[in-house]
Amino acid sequence: MSGLEQAIRNALERAERSDPDIRARIYQSARNALDLGLRKQDIADPAVIARQRQRLEATIREIEDEELARLRTIARFERVAIEREPEEEAAEAEPLPGIEPPPVEAEPVARVEPAAAPAVEPLDAEFEATRREEAPVIDMGPDMPEAVARREPVLDEGSLSGLSATRDARPSTTAVTPASEWDDDAGKTAPPPARRGRLGSTFVSAFVYLFLFGIIGGGVWWVYDTGMVDAALKGSSDFKLVPDALRAESNQPEQQETRLDTLRGFSSDWINIYKPGVNAGAVTPRDSAAIGEHRDSDGLATIITSNAPDQDGDVLVEVPASLLQDLAGKTSTIAVTVKSNGDKPAQIYVQCEFKTLGDCGRHRYTVTNERADELIQVKFEGRMGPSDAGHIVINSDLTGEGASIRLYGIRVLPGS
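For the sequence shown, our numbering assigns the number 696 to the initial residue and increments by one for each residue that follows.
Now the structure itself:
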């Protein structure tokens, strides 16, 4: 039984407990005493205050239920006694037949005067005296575990003023909260040995250092794998923001990537889809795009200018139906040879529209002023080749600022 509960029961014993108004005053005085004790101990944690109030309300409800049950029991016994009293008087008054009842001298009946109800002690004065008492100080010494310091207040037995959140200062009698009244949310008592704390601190420090070293190592790997170091040494800006190891990961099945030997160029196995000056009619610009021709040291090129970053700025390059039929059921590689039309890099995308074969998804590239072959790997399984021509779609500027590129050709290497 907690100190607050014992104090409430003691107050009810001294008061007219059958009066609901008096019981309400006692309960309210207990609430006031709890709030005052929490303030004296400088406990401002809302969770701790709420739990203490909930415990008090649960105690009040339990005591009130007991009082109501007691009153109902008393009322039931009184009602039974009243109902049986006339029967007993009638049985005593009716004499047995043929027998003279002996004369009975009338004895004086002791009249019991109802005792006056005990006066209700002014509980407010008792709690007012409690307010003037000095609140106990919480011992926060270095040897005291944090979980014990965060313990919720414990009430002394028999008094509402004995609110305390500290352990007894006497070394021989240390106050410990029983396990049944311990609140897991308020914290559990930590083991006192300091060795465990040192081991935990060492483990946390090691984890933090390993995490930092991992981030630094990942950053160094990313800078090296993207070619940023080589680009800085050469004084160029041609490097990949996404490492090749990460670029290779896609939602398609893992396959061996086809790479071009820049020194040897394209072999005879590659088939031309588009070559400037040969099939110029295969290129069709949409409403917000324009095309032209230009010859430089890399050869004849088709200049593509997109003034819109969406479909209106696309340029369509026709792919013959006979070639699409060769691609059906195979894993093939498409090479788009481009470079920017100026010193400024261009952000482009390339996608396929191959009728019943489907598409190859949208691929984004950063094109610089150096000629490069952008590769797209496509795989079409178990499909019939279309009877109509398809298209390879190119947009030269995803930003919509009208940047242009030079297209030197599109080739495909049919697989097996």
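Virtual Cβ for every residue (Gly too), placed ideally from N, Cα, C.
Computed from a prediction, not measured in an experiment: that's the story for all the values here.
Counting along the chain, no alpha helix (DSSP H) covers residue 738, and no H or E run does either.
Across the structure, residue 1044 and residue 994 are spaced so that their CA atoms are roughly 23 Å apart. By the criterion of at least three beta-carbon pairs nearer than 8 Å, the segment 1057-1070 is not in contact with the segment 998-1011.
Within the segment 1007-1070, the beta strand (DSSP E) runs of at least 3 residues that lie entirely inside it are, in chain order, 1010-1014, 1026-1035, 1041-1048, 1058-1062. Within the same chain, and ignoring the five residues on either side of residue 744 in sequence, the residues whose Cβ sits closer than 7 Å to its Cβ are 733, 738. Residue 763 is not a Cβ neighbour of residue 729, given a cutoff of 8 Å.
Sequence-distant Cβ neighbours of residue 1033 in its own chain, meaning closer than 6 Å and more than five residues away, are 1062, 1100, 1102. Counting only the Cα atoms, residue 765 lies some 12 Å from residue 773. Note on geometry: alpha-carbon atoms of residue 1027 and residue 966 lie some 11 Å from one another. In this structure, DSSP gives residue 1094 a state outside helix and strand, which the three-state scheme calls coil.
Nearest to residue 1036 by C-alpha distance, out of 902, 996, 917, is 996. Residue 716 has its alpha-carbon roughly 57 Å from the corresponding atom of residue 896. Taking every protein chain shown into account, the CB of residue 903 has fewer than 16 other CB atoms within 10 angstroms, so this residue is exposed. Here residue 970 has 1104 as same chain residues with Cβ atoms under 7 Å from its own Cβ, once five neighbours each way along the sequence are excluded. Check the Cα spacing between residue 1025 and each of 1107, 1039, 1012: the tightest is with 1107. Contact between residue 1023 and residue 961 fails: their C-beta atoms lie close to 23 Å from each other, not under 8 Å.
About 4 Å separates the beta carbon of residue 1073 from that of residue 1055, a gap short enough to meet the 8 Å contact definition. Only buried fits residue 978, as 16 or more other CB atoms lie within 10 angstroms of its CB.
Ranked by Cα distance from residue 984, the first of 974, 990, 1001 is 1001. 976 is the residue among 976, 1059, 746 whose C-alpha sits nearest the C-alpha of residue 1013. In the DSSP secondary-structure assignment, residue 697 is not bridged to any residue. Within the same chain, 1019, 1020, 1023 come within 6 Å of residue 1080 by CB-CB distance, once the 5 residues on both sides are set aside. Here residue 727 carries a helix assignment [DSSP, helix/strand/coil]. Judged by DSSP in its simplified three-state form, residue 973 adopts coil rather than helix or strand.
Residue environment: residue 899 is assigned as exposed (fewer than 16 neighbouring CB atoms within 10 Å of its CB, all protein chains considered). For residue 724, the closest of 908, 706, 1015, 746 by C-alpha to C-alpha distance is 706. Straight-line spacing of the CA atoms in residue 907 and residue 1071 works out to 37 Å. Here DSSP, grouped into helix, strand and coil, assigns residue 967 to strand. Taking 8 Å as the upper bound for CB-CB distance, residue 1047 and residue 1085 are in contact here, some 7 Å apart. Inter-residue distance for residue 893 and residue 736 is about 31 Å (C-alpha atoms, whole angstroms). Relative to residue 722, the option among 746, 753, 919 whose CA is nearest is 753.
Residue 711 and residue 702 have their alpha carbons spaced roughly 15 Å apart.
The beta carbon of residue 748 sits closer than 8 Å to those of 726, 729, all from its chain and outside the five residues before and after it, given in chain order.
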